[in-house]
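Participant:
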Amino acid sequence: MKIIILGVGQVGGTLAENLVGERNDITLVDTNAELLESFQDKYDLRIVVGHGSHPDTLRRAGAEDADLLIAVTSSDETNMIACQVAYSIFNTPTKIARIRSEEYIRYRDQLFHKNDAPVDYIISPEQLVTNYIRKLIDYPGALQVMEFASGKASLVAVKAYYGGKLVGHAISTLKEHMPNIDTRVAAIYRQGKPIRPTGTTVIEADDEVFFIADTRHVNRVMEELQKLENRYRRIMIVGGGNIGAGLAKQLEADHRVKLIERSESRAEALSQQLEHTLVFKGDASDQKLLEEEHVEDTDVFIAVTNDDEANIMSAMLAKRMGARKTMVLIQRSAYVDLVQGGEIDIAISPQRATISALLTHVRRGDIVNVYSLRKGAAEAIEAIAHGDESTSKVVGKAIKDIKLPPGTTIGAVVRGSEVLMAHSETIIQSDDHVMLFLLDKKYIDQVERLFQPSAMFF
Numbered sequence: 017m018k019i020i021i022l023g024v025g026q027v028g029g030t031l032a033e034n035l036v037g038e039r040n041d042i043t044l045v046d047t048n049a050e051l052l053e054s055f056q057d058k059y060d061l062r063i064v065v066g067h068g069s070h071p072d073t074l075r076r077a078g079a080e081d082a083d084l085l086i087a088v089t090s091s092d093e094t095n096m097i098a099c100q101v102a103y104s105i106f107n108t109p110t111k112i113a114r115i116r117s118e119e120y121i122r123y124r125d126q127l128f129h130k131n132d133a134p135v136d137y138i139i140s141p142e143q144l145v146t147n148y149i150r151k152l153i154d155y156p157g158a159l160q161v162m163e164f165a166s167g168k169a170s171l172v173a174v175k176a177y178y179g180g181k182l183v184g185h186a187i188s189t190l191k192e193h194m195p196n197i198d199t200r201v202a203a204i205y206r207q208g209k210p211i212r213p214t215g216t217t218v219i220e221a222d223d224e225v226f227f228i229a230d231t232r233h234v235n236r237v238m239e240e241l242q243k244l245e246n247r248y249r250r251i252m253i254v255g256g257g258n259i260g261a262g263l264a265k266q267l268e269a270d271h272r273v274k275l276i277e278r279s280e281s282r283a284e285a286l287s288q289q290l291e292h293t294l295v296f297k298g299d300a301s302d303q304k305l306l307e308e309e310h311v312e313d314t315d316v317f318i319a320v321t322n323d324d325e326a327n328i329m330s331a332m333l334a335k336r337m338g339a340r341k342t343m344v345l346i347q348r349s350a351y352v353d354l355v356q357g358g359e360i361d362i363a364i365s366p367q368r369a370t371i372s373a374l375l376t377h378v379r380r381g382d383i384v385n386v387y388s389l390r391k392g393a394a395e396a397i398e399a400i401a402h403g404d405e406s407t408s409k410v411v412g413k414a415i416k417d418i419k420l421p422p423g424t425t426i427g428a429v430v431r432g433s434e435v436l437m438a439h440s441e442t443i444i445q446s447d448d449h450v451m452l453f454l455l456d457k458k459y460i461d462q463v464e465r466l467f468q469p470s471a472m473f474f
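In terms of our numbering, the sequence shown opens at residue 17 and continues consecutively.
1. Below 8 Å on the Cβ atoms is my guess for Phe-453 versus Ala-202; work out the distance and round it to an integer in Å.
2. Since Ala-32 contacts Leu-61 with CB under 8 Å, what's their CB separation in whole angstroms?
3. What residues in its chain sit with their C-beta under 7 Å from that of Asp-92, if we drop five residues either side in the sequence?
4. As a quick exercise: from Ser-69, Ile-112, Arg-124, pick the residue whose alpha carbon is nearest that of Ile-105.
5. As an exercise, report each continuous alpha helix (DSSP H) stretch of at least 4 residues that is fully enclosed by the stretch 108 to 196, in chain order.
6. Do Ala-394 and Leu-455 have their CB atoms nearer than 8 Å?
7. Tell me Ser-388's beta-bridge partners as DSSP assigns them.
8. For Ser-279 and Thr-314, what's the separation of their Cα atoms in angstroms?
9. Could you pull out every unbroken beta strand (DSSP E) segment of at least 3 residues lying fully inside the stretch 211 to 260, listed in chain order?
10. Relative to the C-alpha of Thr-89, which candidate in Tyr-177, Val-27, Ala-264, Leu-420 has its C-alpha closest?
11. How is Asp-461 classed by DSSP in three states: helix, strand or coil?
12. Inspect the beta-carbon positions of Ser-440 and Lys-416 and report whether they are closer than 8 Å.
13. At the 8 Å Cβ level, is Leu-466 part of the contact set with chain C, yes or no?
14. Compare the Cα-Cα distances from Thr-442 to each of Glu-464, Phe-467, Val-410, Gln-468 and report the closest residue.
15. Could you have a look at His-377 and say whether DSSP puts it in helix, strand or coil?
16. Thinking C-beta only, is Met-343 closer than 8 Å to Val-311?
17. Return the bridge partner residues of Leu-22 from the DSSP annotation.
18. Under the three-state reduction of DSSP, which class applies to Glu-359: helix, strand or coil?
19. Could you check where the beta strand (DSSP E) with Tyr-103 kicks off and where it finishes?
20. Quick one: residues in its chain with C-beta nearer than 6 Å to the C-beta of Phe-474, no 5 flanking neighbours on either side, listed in chain order?
21. Buried or exposed, going by whether 16 or more other CB atoms sit within 10 Å of the CB of Asp-46?
22. Cβ atoms of Asp-132 and Ala-169: under 8 Å apart, would you say?
23. Can you say whether Gly-215 is buried or exposed, counting buried as having 16 or more other CB atoms within 10 angstroms of its CB?
24. Quick check on His-402: buried or exposed, where buried means 16 or more other Cβ atoms within 10 Å of its Cβ?
25. Roughly how many angstroms separate the alpha carbons of Ala-369 and Ser-349, rounded to a whole number?
26. For Asp-72, is the classification buried or exposed, using 16 other Cβ atoms within 10 angstroms of its Cβ as the cut-off for buried?
27. Buried or exposed: Tyr-248, going by 16 or more other Cβ atoms within 10 Å of its Cβ?
28. Can you tell me which of the three DSSP states Lys-409 falls into?
29. What's the C-alpha gap between Gly-67 and Ala-173?
30. Please tell me whether Ala-363 and Val-378 are closer than 8 Å, where the distance is taken between their beta carbons.
31. Output the distance between the C-alpha atoms of Ile-42 and Glu-80, rounded to the nearest integer angstrom.
32. State buried or exposed for His-449, treating a residue as buried only when at least 16 other CB atoms are found within 10 Å of its CB.
33. Would you kindly work out how many angstroms separate the C-alpha atoms of Glu-53 and Gly-78, rounded to a whole number?
34. Please report the residue range of the alpha helix (DSSP H) in which Ile-328 lies.
35. CB-CB under 7 Å to Leu-375, same chain, minus the five flanking residues each way: which ones, in chain order?
36. So does the stretch 136 to 147 actually touch the stretch 205 to 212, counting three or more Cβ pairs closer than 8 Å?
Written out as structure tokens, the structure reads:
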């Protein structure tokens, strides 16, 4: 696939790293020549120096025969115009734009279609992060929650703790503990290293366990791995930007929400917009303010300003003062793994959430969901099986007979409204939604080929 990526910031650069070498011809476009050259020195790709929305720049990038344009510059307007130019002049088949402004997102249905702004897919980092945090609040104790098949099935990452019923026991005992609930452990990471689980694998304390289950049963399965936490009720949010405000709006109906915003004018505006959220003007690193607002009674302290250091410091202070759980937004990907653990319970990277959404539209075959995991080394995907026994490599076959790449497992199959845990004898049918976990995403090319009927093979 011939792909043009506009903007070599953290998202564009990370996306290029993910896609290079996957049978893709990548061209990076940016105004920063030095940054582009650093990528060309490390990877097999083309670079073009110039403004991504200019027709001549796109022509030099190969837009005339490109399959996909991904516009992820720091400017919404540049991204939108680039998609318009790609459509009007070069007839580029698929165009993706990162749009951050809530002003545009609010009118997306009226703006973004072929007759006006021809953007095929919109990626909104703020909305992705807001929804990501909401899922973590809905499932106390989860490290990640990934939904498949329109929310019917979920892949959840949790840390196993002493006191969890399954800790110290083989995975096969899950069925004894929950005879009426089916689940599948898709992967285990022990001291940072992946383990492919079998029925005899013993869960140890501090293991990071990825399990897949019917979404309705997620809390019950989590209880097997750690003492089930009480539902979060008291939420304190720091930062009244798009993420903080959006999260407060989602939570305020059934949670007690407080929001701290440094800007007086923004705090005043939010107090008018939010119906049941208490909005305060102040600095979240002010110990006296946190004391006055009883941070020690807070179930979750969530810092989502655009300042990484402020988020980290305020969350550490809140934790020391008694907040039960802390979550922080971290823009710099290198910080994420450094700060998570201890006083920071969960570090959230908007870049990683954005990459997952972008990969969903890049993968070949009918792959409808992609989640990039473990710094991009692993992936969880949802693929739809098409064809019949004569045209498909998976339809009509039992899972044990499907030639999966190394480290790849099928966790579940969603058939209509039914969630089926994958077993060796499970037979894949046409239109099944198949959930796969890849310990090493370098094999994604083989998985894509598996789910392409013969008529679709390249």
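Even glycine gets a Cβ: it sits at the ideal position worked out from N, Cα and C.
Facilitator: Walking through what the data contain:
1. On the sequence shown, position 437 is the one that residue 453 refers to. On the sequence shown, position 186 is the one that residue 202 refers to. Their Cβ separation, rounded to whole angstroms, is 4 Å, which keeps Phe-453 and Ala-202 in contact under 8 Å.
2. Sequence index remark: in the sequence shown, residue 32 carries index 16 (1-based). Sequence index remark: in the sequence shown, residue 61 carries index 45 (1-based). Yes, Ala-32 and Leu-61 are in contact; Cβ-Cβ is about 6 Å, under 8 Å.
3. By 1-based counting over the sequence shown, the position of residue 92 is 76. Excluding positions up to five away in sequence, the list reads Ile-115, Arg-116, Ser-117, Tyr-120.
4. As a first step, residue 105 is located in the sequence shown; it is residue number 89 there, counting from the start. It is Ser-69.
5. 118 to 121, 124 to 127, 141 to 154, 190 to 193, all fully within the stretch 108 to 196.
6. Counted from its first residue, the sequence shown places residue 394 at position 378. Counted from its first residue, the sequence shown places residue 455 at position 439. Closer than 8 Å, so yes.
7. Locating residue 388 in the sequence shown gives position 372, counting from the first residue. Paired residues: Glu-395.
8. Taking the first residue of the sequence shown as position 1, residue 279 is located at position 263. Taking the first residue of the sequence shown as position 1, residue 314 is located at position 298. Their backbone Cα atoms lie some 23 Å apart in a straight line.
9. 224 to 230, 250 to 254
10. If you number the sequence shown from 1, residue 89 lands on position 73. Considering only alpha carbons, the answer is Val-27.
11. Indexing the sequence shown from 1 puts residue 461 at position 445. If DSSP states are grouped into helix, strand and coil, Asp-461 belongs with the helices.
12. Your numbering for residue 440 matches position 424 in the sequence shown. Your numbering for residue 416 matches position 400 in the sequence shown. Less than 8 Å separates the beta-carbon of Ser-440 from that of Lys-416.
13. Here chain C cannot be found, since the structure has a single protein chain.
14. Along the sequence shown, one-based indexing puts residue 442 at 426. It is Val-410 whose Cα lies nearest to the Cα of Thr-442.
15. Against the sequence shown, residue 377 aligns to sequence position 361. Here His-377 sits in helix by DSSP.
16. Here the question's residue 311 lines up with position 295 in the sequence shown. Here the question's residue 343 lines up with position 327 in the sequence shown. Cβ atoms of Val-311 and Met-343: not closer than 8 Å.
17. Taking the sequence shown and counting its residues from 1, one reaches residue 22 at position 6. According to DSSP, which records beta bridges pairwise, Leu-22 is partnered with Val-45, Ala-87.
18. The residue labelled residue 359 in the question sits at position 343 within the sequence shown. Looking at Glu-359 - three-state DSSP - the assignment turns out to be coil, as it is neither helix nor strand.
19. Taking the sequence shown and counting its residues from 1, one reaches residue 103 at position 87. Annotation: Tyr-103 is outside any beta strand (DSSP E); the continuous alpha helix (DSSP H) that includes it extends over 92 to 104.
20. For this step, residue 474 is matched to residue 458 along the sequence shown. Residue placement at Phe-474 is flagged as unreliable, the pLDDT there being 44, under the threshold of 50; a coordinate-derived value is accordingly withheld.
21. By 1-based counting over the sequence shown, the position of residue 46 is 30. When all chains shown are included, Asp-46 counts as buried.
22. Locating residue 169 in the sequence shown gives position 153, where the first residue counts as 1. Locating residue 132 in the sequence shown gives position 116, where the first residue counts as 1. Their beta carbons are not under 8 Å apart, which means Ala-169 does not touch Asp-132 by this criterion.
23. As a first step, residue 215 must be located in the sequence shown, where it is residue number 199. Exposed is the call here.
24. Taking the sequence shown and counting its residues from 1, one reaches residue 402 at position 386. By the neighbour-count rule (16 or more Cβ atoms within 10 Å), His-402 is buried.
25. As a first step, residue 369 must be located in the sequence shown, where it is residue number 353. As a first step, residue 349 must be located in the sequence shown, where it is residue number 333. Taking the straight line joining both Cα atoms gives about 11 Å.
26. In the sequence shown, counting from the first residue as 1, residue 72 sits at position 56. By the 10 Å Cβ count, Asp-72 comes out exposed.
27. As a first step, residue 248 is located in the sequence shown; it is residue number 232 there, counting from the start. By the 10 Å Cβ count, Tyr-248 comes out buried.
28. Counted from its first residue, the sequence shown places residue 409 at position 393. The answer is coil: DSSP assigns Lys-409 none of H, G, I, E or B.
29. Counting from 1 along the sequence shown, the entry for residue 67 is found at position 51. Counting from 1 along the sequence shown, the entry for residue 173 is found at position 157. Before going further, note that residue 67 is His rather than Gly in the sequence given. Those two C-alpha atoms are separated by around 40 Å.
30. What you label residue 363 is simply residue 347 of the sequence shown in a count that begins at 1. What you label residue 378 is simply residue 362 of the sequence shown in a count that begins at 1. No, these two residues do not count as a Cβ contact at 8 Å.
31. Numbered from 1 along the sequence shown, position 26 holds the residue referred to as residue 42. Numbered from 1 along the sequence shown, position 64 holds the residue referred to as residue 80. Rounded to the nearest whole angstrom, the CA to CA distance from Ile-42 to Glu-80 is 14 Å.
32. Here residue 449 corresponds to residue number 433 of the sequence shown, with the count starting at 1. Label assigned to His-449: buried.
33. As a first step, residue 53 is located in the sequence shown; it is residue number 37 there, counting from the start. As a first step, residue 78 is located in the sequence shown; it is residue number 62 there, counting from the start. Just so you know, the alpha carbons of Glu-53 and Gly-78 end up roughly 18 Å apart.
34. Counting from 1 along the sequence shown, the entry for residue 328 is found at position 312. Note, Ile-328: alpha helix (DSSP H), 324 to 336.
35. In the sequence shown, counting from the first residue as 1, residue 375 sits at position 359. Correct list, in chain order: Asn-34, Val-386, Ser-388.
36. The answer is no - the stretch 205 to 212 does not touch the stretch 136 to 147, with fewer than three Cβ pairs under 8 Å.
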